[in-house]
Amino acid sequence: MSDFQPLKPEQHQNLKVKPVVDWEFVAKQHQLEITVTEAQQAASSFPLFFIKNSETGNTFIAAVTSFVMDTNVLVEENGQHQLAYVPLSASLRPFALGLDPENDKSVIPFVDLDSKLVSDDQGEVLFEGDKATPFFQHYNHQLEQYYNGQLATGKFVQALDELGLIQQAELEITMADGQKSTLKGLWNLNEKALNELSIEEQQSLLSQGYFAPIFAMLSSMTQLNRLIHGHIKLGEPIAGVNVNPVNGK
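Be aware that the sequence shown starts at 1, since it is given in full-length UniProt numbering, and climbs by one per residue.
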């Protein structure tokens, strides 16, 4: 469970945070949200898909870390991993941005008071008087980057969706004994539609800087092999994985 609360100098003078990644949390995430600005780096470690938030209806980019819920085959709870890139959604914890309860038109930093990284006696202090410490200023800057990245992701998704470039997909997982299972709830890029774009549509995507993340997401599919090997190390003999469009579209 998490208990995210707005950070305020007058209430959190004694609060301290350990400056480390919460690997125990990361090890239980079968997907990690990334922003479009992270796509090129994240593609070096994860297969990237689009996922729709069932509560908000928003679509985000996810770095998939496992074919099984609440499991990450790329990271162990002790922090051992071979990732070339750690997404901001993981490295920023226990911090997050949220709507200011006193002004719903602005966002402010929150902290997860239930996080094992948060205490009154271990870690770095966040405030000196009414000012943020250099430690917290660093996280504040990264939170702003992440927030701006989320806004950019929304525009990226909208642009692709308007051109019919996002399609629903399923992962067909084949075990060594021939048994098959299907992982649903994913969306990916429609390569056929991408190849059929007009010159004007291509130029529009190019002018917005969208071809780099598009190619990153396409190339990230090779990282499915990394997940297969991760499951095999855990004693789950997966023979192969196919990405199939839903209804063959």
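Yeah, the Cβ is synthetic: ideal placement off N, Cα and C, and Gly gets one too. As the structure is a computational prediction, the values presented were derived from the model and not from experiment.
Less than 8 Å divides the Cβ of Val107 from the Cβ of Leu97. The count of Cβ pairs closer than 8 Å, one atom from the region 150-161 and one from the region 34-43, reaches three, so the stretches are in contact. Straight across, the Cα-Cα distance linking Gln13 with Ser115 is about 17 Å. Within the model, the alpha-carbon separation for Ala159 versus Leu165 is close to 9 Å. With a cut-off of 8 Å on Cβ pairs, the region 18-26 is not in contact with the region 200-217, counting fewer than three such pairs. Scanning Ser2, Thr71, Phe49, Asn140 for the CA closest to the CA of Gly230 turns up Thr71. In the structure shown, the three-state DSSP call for Ala169 is strand.
Only residues of its own chain outside the window of five on either side were considered, and among them Ala216, Met217, Ser219, Ser220, Gln223 have a CB closer than 8 Å to the CB of Ala43, listed in chain order. Judged by DSSP secondary structure, Ser91 falls outside any beta strand (DSSP E) and instead within the alpha helix (DSSP H) spanning 88-91. Annotation: the continuous alpha helix (DSSP H) that includes Thr153 extends over 134-162.
Contact check for Pro19 and Phe127: beta-carbon distance about 15 Å, past the 8 Å limit, so the pair fails to qualify. For Lys52, the three-state secondary structure derived from DSSP is strand.
Counting of Cβ neighbours within 10 angstroms places Leu194 among the buried residues, the total reaching 16 or more. In the structure shown, the three-state DSSP call for Thr37 is helix. Remark: fewer than three beta-carbon pairs, one from each stretch, lie closer than 8 Å, so the region 161-177 and the region 139-147 are not flagged as touching.
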